[in-house]
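Here's the structure we're looking at; comments come further down.
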Amino acid sequence: MSIFPKRNIPGSTVTIHWNFNTAHITDVHVCPYVRIGVQSPDGTTTMLFEQHVLGLPAIQMPADPASGQQLLYLNKNTPLLVLADYLSTHHKRAELIQILQNIQAGRHYYFTYPIPQNAPLGKYTLISEVYNGGNIKYSATASDDSFFVEHISVKENKIINHSCEPTPVKIVTWQPDKKLQPENIAVFEMQPGEIIPVYAFPENSFLCYNEERIILSLQRPDAVRCIRNQQALCLSKDDSLHVLLPGNNAFTLENDEKLIWEKADGITQGEEICTQGKEHLYREMIENKLIIEIKTQ
């Protein structure tokens with residue numbers, strides 16, 4: 118089975134791929150009872166699929182697929198989840214060939230598991246059971262059929278791993294006017310419940326986790342940042358900046374307004390931009406949707 122993404126946060130959704138491979142069935146049919154589900158860290162089980170699945174006999178592909186013979190299968194799109202799972206770890210080339218050969222003979226099912234906002238953190242295990250003639254078959258990848266729900270926060274100058282599982286993180290120390298160097302990056306695992314003081318890292322540092330989908334500023338993580346409207350078209354002429362917003366609203370920015378626009382880079386905090394008596398211009402530009410206030414993801 119394939120699961121994506123493997124690392125999640127409360128409120129996100131997991132996609133699960135199951136392949137019912139009928140390539141080995143010849144001259145007979147099967148109709149197993151299939152159970153697919155998820156077991157959370159607290160033992161709660163959520164079933165996603167509990168049905169009998171009919172498998173008709175398969176037929177061997179011709180030795181020469183280009184010989185002009187009739188089609189034997191409905192075409193199936195290559196499941197990207199399967200290929201991504203293959204590429205995520207070290208596998209032999211022969212395994213990839215086998216995967217690709219089985220795609221057309223298999224039947225691909227996709228299930229989604231919405232993770233509640235109050236979901237327990239930790240490791241979630243997949244349930245995959247195929248009952249046929251009194252026998253039960255489990256997933257061939259059962260040892261790896263799991264995903265994680267994690268949460269890291271930055272509060273009171275502390276980085277806290279709330280999960281009961283190790284959580285990979287990346288610390289990036291960077292300023293917009295500097296070139297990022299390898300020594301500005303640190304990748305490591307935070308242990309369950311581990312707390313790290315923020316001062317252990319330089320200023321202008323960001324913490325990335327959840328496969329880098331979540332980025333937290335280590336200095337004042339709750340501060341509002343500002344970004345210029347990314348849907349705007351801009352034209353510089355002389356000392357002025359002409360901005361065209363969606364809906365054909367046009368503005369000419371000069372002096373302090375132009376300076377505010379240039380500083381609104383998505384990293385600089387709003388209060389740093391609207392200093393020195395510029396707050397009224399800052400608020401006016403927000404009202405006109407020239408710039409937008411955002412928070413770190």
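Per our numbering: the sequence shown = residues 118 to 414. From the three backbone atoms N, C-alpha and C, an ideal C-beta is built for every residue, glycine too.
Item	Value
Cutting at 7 Å between CB atoms, please list the residues of its own chain near S270, excluding the five before and the five after it.	I277, H279
Take every Cβ of the segment 162-169, pair it with every Cβ of the segment 354-369, and state whether three or more of those distances are shorter than 8 Å.	no
Once you ignore the five residues that flank Y248 on each side, which residues in its own chain have a CB closer than 7 Å to its CB?	P149, Y150
Report the partner residues of H279 according to the DSSP bridge assignment.	Paired residues: none, contrary to the question.
Among P233, E306, L376, which residue has its Cα nearest to the Cα of M402?	L376
Tell me which residues share the same chain as T258 and place their Cβ nearer than 7 Å to its Cβ, disregarding the 5 neighbours each side in the sequence.	M118
Going by beta carbon distance, what residues of the same chain come within less than 8 Å of E282, once the five residues before and after it are set aside?	L238, G239, K240, F265, E267, P309
Only counting the same chain, and skipping five residues up and downstream in sequence, which positions put a Cβ closer than 7 Å to that of D339?	none
What residue ranges within the segment 354-412 form continuous alpha helix (DSSP H) runs of no fewer than 4 residues, ordered along the chain?	372-380, 387-390, 396-404
Which same chain residues end up closer than 7 Å to E311 when comparing Cβ atoms and leaving out the 5 residues on each side of it in sequence?	N278
Name the two residues that bound the continuous beta strand (DSSP E) containing K296.	Per DSSP, K296 belongs to no beta strand (DSSP E) and is neither H nor E.
Would you call the CB atoms of G128 and P285 closer than 9 Å?	no
Just how far apart, CA to CA, sit H225 and G172?	12 Å
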